[in-house]
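K.L.:
Have a look at this one:
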């Protein structure tokens, strides 16, 4: 009997060296980004006390992906996806270093930070579809759902440890936080050079509007996929509260930078617990029903968080919210990767990244704007109620999704 940890069914994808290196690179990059964004959120709010500017942090990262969606997916289907991943991570490391230089210089021109965020968002816009589409080129189809669960676990682990590390490092010094982010992002970029060149079915059709819009056409025609990603879009768009956590940490719960790190980490703790479970036991039946149930749970937990004035209760309900959201993420990503032809994966994942970005970064902007008008607590409570309403409406609009039983399309 082997003692190799990769012999466990939960870790079977790690038997493939290309995937292991891919996983390490992606995980380190997400960890670095979490440190960076946690530090940046506190730095901006500490300097301006503006809920609107907190929301603008998300919008600055989302707009490049939205404006370039017709380009980024096509590039991922025509150019080597591993090369795109490498170049983009190098650019993101450069941005992290620029945040460090800004902080060391003592500059008070806040708009410089947002300019750098736009560059960061542009690099991420090109990297996202390439990284997602690269995964099926690295692992065999029968291990893909395991690899997706492991990816989700790594991402969630980074969202747990990264914000805590960011809060602790920022408590020591903003320079310490940005230095760590720069070094880690550089390490992630270096790792990509060691990913063996994978086989990739590149798009060879002449460029035309039909080929450019193929990702949108595929999603529109696959109603189950459309329902799943649009449900996730509006649920998180309305229910997201991440942008407002600096306000809750400083003004409502009074827990400081370290507390902010714990609040940002809490959804990841719940999500990684669910992701680990899914890596062992995938959803085998009633996938659509589970999706709607847990979107409802997510909305309910956000409502409780909005009313809470106790730090421990806020952390607990955010953990449950993160676990419920993980169900939606897992179902959506499995559907897209298993149902999409390789030649279309870049364009389909580019559209998917827009949905994800709209739900997260655009959701942060929405939360910041609304909170500037009616306050953080009311914004979160109303958003959670909106998520519950979306779940009910989507159950009526997409009966195919509600009745879906298996993720691979079997009846």
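Numbering (our numbering), first residue to last: 9 to 419.
A virtual CB, placed ideally from N, CA and C, is assigned to each residue, including glycine.
Remember, it's a predicted structure, so these values are computed and weren't measured experimentally.
Considering residue 125, what are the terminal residues of the alpha helix (DSSP H) in which it resides?
P.N.:
From DSSP, the alpha helix (DSSP H) with residue 125 extends over 118–146.
K.L.:
Nearest by alpha-carbon distance to residue 30: which of 256, 269, 323 and 198 is it?
P.N.:
Cα-wise, what sits closest to residue 30 is 198.
K.L.:
Please state the DSSP three-state secondary structure of residue 115.
P.N.:
Residue state, collapsed to three classes: coil.
K.L.:
Rounded to a whole number of angstroms, what is the C-alpha to C-alpha distance between residue 404 and residue 115?
P.N.:
Rounded to whole angstroms, residue 404 to residue 115 spans 52 Å at the Cα level.
K.L.:
What's the C-alpha gap between residue 419 and residue 411?
P.N.:
At residue 419 the pLDDT is 48, less than 50, meaning the model places this residue with poor confidence and gives no usable figure here.
K.L.:
For residue 3 and residue 306, I'd like the C-alpha separation in whole angstroms.
P.N.:
Nothing can be reported for residue 3: it is not among the residues displayed for the chain, which extend from 9 to 419.
K.L.:
In whole angstroms, give me the CA-to-CA distance for residue 11 and residue 64.
P.N.:
Bear in mind that the predicted position of residue 11 carries a pLDDT of just 38, short of 50, making it too unreliable to give a figure here.
K.L.:
Quick check on this structure: which residue in 390, 88 and 141 has the alpha carbon closest to the alpha carbon of residue 201?
P.N.:
The shortest C-alpha separation from residue 201 is found at 88.
K.L.:
Can the beta-carbon of residue 283 be found less than 8 Å from the beta-carbon of residue 327?
P.N.:
Not in contact: residue 283 and residue 327 (Cβ atoms no closer than 8 Å).
K.L.:
Is it true that the region 139–153 meets the region 226–237, where meeting means three or more beta-carbon pairs spaced less than 8 Å apart?
P.N.:
Counting Cβ pairs under 8 Å, fewer than three are found: no touch.
K.L.:
In its own chain, which residues sit with a C-beta less than 6 Å from the C-beta of residue 58, not counting the 5 before and 5 after it?
P.N.:
Hits under 6 Å: none found.
K.L.:
In this structure, how does DSSP classify residue 87 when only helix, strand and coil are distinguished?
P.N.:
Coil.
K.L.:
Is it true that the CB of residue 303 sits closer than 8 Å to the CB of residue 395?
P.N.:
In contact: residue 395 and residue 303 (Cβ atoms closer than 8 Å).
K.L.:
State the CB to CB distance for the pair residue 186 and residue 108, rounded to an integer number of angstroms; the pair is presumed to be in contact (CB under 8 Å).
P.N.:
About 4 Å; that satisfies the 8 Å criterion.
K.L.:
If we count the other Cβ atoms within 10 Å of its Cβ and call it buried at 16 or more, is residue 227 buried or exposed?
P.N.:
Its Cβ being crowded by 16 or more others within 10 Å, residue 227 is buried.
K.L.:
Would you say residue 133 and residue 72 are within 8 Å of each other, going by their C-beta atoms?
P.N.:
Yes, the pair counts as a contact, with Cβ atoms nearer than the cut-off.
K.L.:
Does residue 395 come out as helix, strand or coil in the three-state DSSP assignment?
P.N.:
Correct three-state label for residue 395: helix.
K.L.:
So, with DSSP's three-state summary, where would you put residue 258?
P.N.:
Helix at residue 258.
K.L.:
I'd like to know whether the C-beta atoms of residue 402 and residue 239 end up nearer to each other than 8 Å.
P.N.:
Contact: yes.
K.L.:
For residue 320, is the classification buried or exposed, using 16 other Cβ atoms within 10 angstroms of its Cβ as the cut-off for buried?
P.N.:
Exposed, because fewer than 16 other Cβ atoms sit within 10 Å of the Cβ of residue 320.
K.L.:
In whole angstroms, what is the alpha-carbon distance linking residue 293 and residue 301?
P.N.:
Residue 293 and residue 301: Cα-Cα distance of roughly 14 Å.
K.L.:
Using the three-state DSSP reduction, which class does residue 150 fall into: helix, strand or coil?
P.N.:
The answer is helix: DSSP assigns residue 150 an H, G or I state.
K.L.:
Let me know if residue 358 comes out buried or exposed under the rule of 16 or more other beta-carbons within 10 Å of its beta-carbon.
P.N.:
Its Cβ being crowded by 16 or more others within 10 Å, residue 358 is buried.
K.L.:
Spatial neighbours of residue 5 within its chain, please: C-beta separation below 7 Å, excluding the five flanking residues on both sides.
P.N.:
For residue 5 there is no data in the structure shown, the boundaries of the chain being 9 and 419.
K.L.:
Can you list, in chain order, the stretches of the alpha helix (DSSP H) that have 4 or more residues and sit fully within the region 148–205?
P.N.:
The region 148–205 contains these whole alpha helix (DSSP H) runs: 152–180 and 182–200.
K.L.:
Between 363, 34, 67 and 113, which lies nearest to residue 242 when the distance is taken from Cα to Cα?
P.N.:
Residue 242 has its Cα closest to that of 363, out of 363, 34, 67 and 113.
K.L.:
In three-state terms, what does DSSP make of residue 230?
P.N.:
The answer is coil: DSSP assigns residue 230 none of H, G, I, E or B.
K.L.:
Does the beta-carbon of residue 15 have 16 or more other beta-carbons within 10 angstroms, so that it is buried, or is it exposed?
P.N.:
Note that residue 15 has pLDDT 46, beneath the 50 cutoff, so the model's placement of it is unreliable and the number below is only indicative. Classification for residue 15: exposed.
K.L.:
Can you tell me where the alpha helix (DSSP H) holding residue 75 begins and where it ends?
P.N.:
59–75 is the extent of the alpha helix (DSSP H) around residue 75.
K.L.:
Between which two residues does the alpha helix (DSSP H) carrying residue 6 extend?
P.N.:
Missing from the structure shown is residue 6; the chain here goes from 9 to 419 and no further.
K.L.:
Use the C-beta contact count for residue 5: other C-beta atoms within 10 angstroms, 16 or more gives buried, fewer gives exposed.
P.N.:
Missing from the structure shown is residue 5; the chain here goes from 9 to 419 and no further.
K.L.:
Alpha carbon to alpha carbon, how far is residue 62 from residue 49? Give it in angstroms, no decimals.
P.N.:
If I take the Cα positions, the gap works out to 6 Å.
K.L.:
Using a Cβ-Cβ cutoff of less than 7 Å, which residues in the same chain neighbour residue 32 once the five nearest sequence positions on both sides are dropped?
P.N.:
Closer than 7 Å at the Cβ level, and outside the excluded window around residue 32, lie 199.
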